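Quick notes on the structure that follows.
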Amino acid sequence: MKFECQACLGVYISPQRDGQAYYHACPPLTDHASGVQTRRADHRDETVVQPDPLLPARIKSEGAGRRALLEA
Amino acid sequence: MGQPINPVPPGGALAPPGAPTPSALIHTRANEVLFAQDGVQPPSPLYITRDDRLFISARNSVAGVTLLVRGRLMLASGEVVIQQWALVPTSDRALSFIIVEMAEGYLLNLVAFPSVSTARRGQCFTQLVLIRGGATNVEATAQLAAGYAVTGSALIWPYGTNSNPTDGGGVMRAILGTDPAAGAEVVETVPTGARWRLLAFVAQIIASAAPATREPRLIIDDGVTSAFLAAVSNALLANGIVQLSATLGVNPQQFTVSNVTDVLPLPEMPMLLPGWRILTSTINLQAGDNWGAPNLYVEEWIEP
Chain A
339 MKFECQACLG
349 VYISPQRDGQ
359 AYYHACPPLT
369 DHASGVQTRR
379 ADHRDETVVQ
389 PDPLLPARIK
399 SEGAGRRALL
409 EA
Chain B
28 MGQPINPVPP
38 GGALAPPGAP
48 TPSALIHTRA
58 NEVLFAQDGV
68 QPPSPLYITR
78 DDRLFISARN
88 SVAGVTLLVR
98 GRLMLASGEV
108 VIQQWALVPT
118 SDRALSFIIV
128 EMAEGYLLNL
138 VAFPSVSTAR
148 RGQCFTQLVL
158 IRGGATNVEA
168 TAQLAAGYAV
178 TGSALIWPYG
188 TNSNPTDGGG
198 VMRAILGTDP
208 AAGAEVVETV
218 PTGARWRLLA
228 FVAQIIASAA
238 PATREPRLII
248 DDGVTSAFLA
258 AVSNALLANG
268 IVQLSATLGV
278 NPQQFTVSNV
288 TDVLPLPEMP
298 MLLPGWRILT
308 STINLQAGDN
318 WGAPNLYVEE
328 WIEP
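For the protein sequence lines, the chains are A and B, in the order given. Going by the numbering used here, the first residue of the first sequence is number 339, and it counts up by one from there. Going by the numbering used here, the first residue of the second sequence is number 28, and it counts up by one from there.
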């Protein structure tokens, strides 16, 4: 499926063609006047963490979420 | 030299007609090693008590895999029974496990293999461990087998191998990364539980009409500290297009046909741990400049 991150508006596909999941993480926000990069306030990071092996893993940061896109 | 006495013709002499056939001697020798056939020890060094349990775990990256584990156990009665367990690991490389009871007896063998979906080397790292205790207080007592459960090649005990997840080759992957919005950089992060060897990276940037002298750069960092940086050889101007292509074993070079392609060298052993990033950092990036989705070619292992 194709998704659009609602934080950075990046578009990505998960699972990939080989069947493995893709874990999106937002790029930093660039101030184009100064070139300074900062972390987005609603930063989304889908890489997983599993602090307790008895519990399911979860994504690091939900951020602004994502929405599914219709694929052509 | 005179004539031989009683010369024998070629092929040997025939016994004279009517003479008895001489008896032949048969030279045989019995085996010197004898085997007991009654009251023998079980053919296994692994006695399983009622307190021992089998910990079946996997870290897996491919969806839909069911890990089947079968074992043959000789009970105290001498009967050999077959036991089977199934683990459906998650595909996010997190630890998935089950703890199973076995009867008292001698463990003869174990075999573990993926079913339902195809798993390649580098995708479903499996461990079979004898433990005492339960899920909250696992105490490993013996590791029986560890390695990738691969379609077409089972993980076995005994006579199998115990390997680490990063031993040997991994799975080769072509990854299509995130297509960032205009004005944003490319950032690809190594997933949790994975180790990547970056073999090639390709991405394209289309400059907006805004006048500026851009300098696209490729960076590898651990999330904070840059470990590698390479820049294109010529600046990118308004309305220009640059394809940034990085791979192993090349010298920096630039080709221009319809677009400019900058070829950059990667480090010889670009091993990236979970959380490490491959990203662009473009000097003078403008709000309308647009990076496309990058293509990455990586070799991947499970990294616990």
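Cβ atoms here follow ideal geometry from the backbone N, Cα and C, with glycine treated the same way. None of the values given here were measured: they were computed from a predicted structure.
(request) Apply the 10 Å Cβ neighbour rule to Val89/B and answer buried if 16 or more other Cβ atoms are within range, or exposed otherwise. (result) buried
(request) Let me know if Ser123/B comes out buried or exposed under the rule of 16 or more other beta-carbons within 10 Å of its beta-carbon. (result) buried
(message) For Ala57/B, list the residues DSSP reports as bridge partners.
(response) The partner list for Ala57/B (beta bridge, DSSP) is empty, contrary to what the question assumes.
(request) For Glu212/B, return the contacting residues in chain A, with the cut-off set at a CB-CB distance below 9 Å. (result) Correct list: Pro365, Pro366, Thr368 and Gln375.
(request) Starting from the Cα of Pro72/B, find the closest Cα among Ala169/B, Ala85/B, Arg56/B and Thr205/B and give me that residue. (result) Ala169/B
(message) Does chain A have any CB closer than 7 Å to the CB of Arg159/B?
(response) no
(message) So the candidates are Phe152/B, Glu166/B and Gln64/B; which of them puts its Cα closest to the Cα of Ala172/B?
(response) Phe152/B
(request) Closer than 8 Å by beta-carbon distance: list the chain A residues that pair up with Ala90/B, in chain order. (result) Pro353, Gly357, Gln358 and Ala359
(message) Against chain B, with Cβ distances strictly below 7 Å, would Ala395/A count as a contact?
(response) With 7 Å as the cut-off, Ala395/A counts as an interface residue toward chain B.
(message) Only counting the same chain, and skipping five residues up and downstream in sequence, which positions put a Cβ closer than 6 Å to that of Pro353/A?
(response) Non-local C-beta neighbours of Pro353/A in its own chain, meaning closer than 6 Å and more than five positions away in sequence, comprise Ala359, ordered along the chain.
(request) Under 7 Å Cβ to Cβ from Ser260/B, same chain only, skipping five residues before and after it: list those, please. (result) Pro279, Gln281 and Asp289
(message) Let's test the definition: count the other Cβ atoms within 10 Å of the Cβ of Asn164/B and tell me whether it reaches 16, buried, or not, exposed.
(response) So Asn164/B ends up on the exposed side.
(message) Any beta carbon from chain A within less than 7 Å of Ser118/B's own beta carbon?
(response) Closer than 7 Å: yes.
(message) Helix, strand or coil for Gln344/A? Go by DSSP, reduced to three states.
(response) coil
(request) Consult DSSP for Met28/B and reduce its assignment to one of helix, strand or coil. (result) Note that Met28/B scores 47 on pLDDT, short of 50, meaning its location in the model is unreliable; the coordinates nonetheless yield the value given after this. Three-state DSSP puts Met28/B in coil, outside helix and strand.
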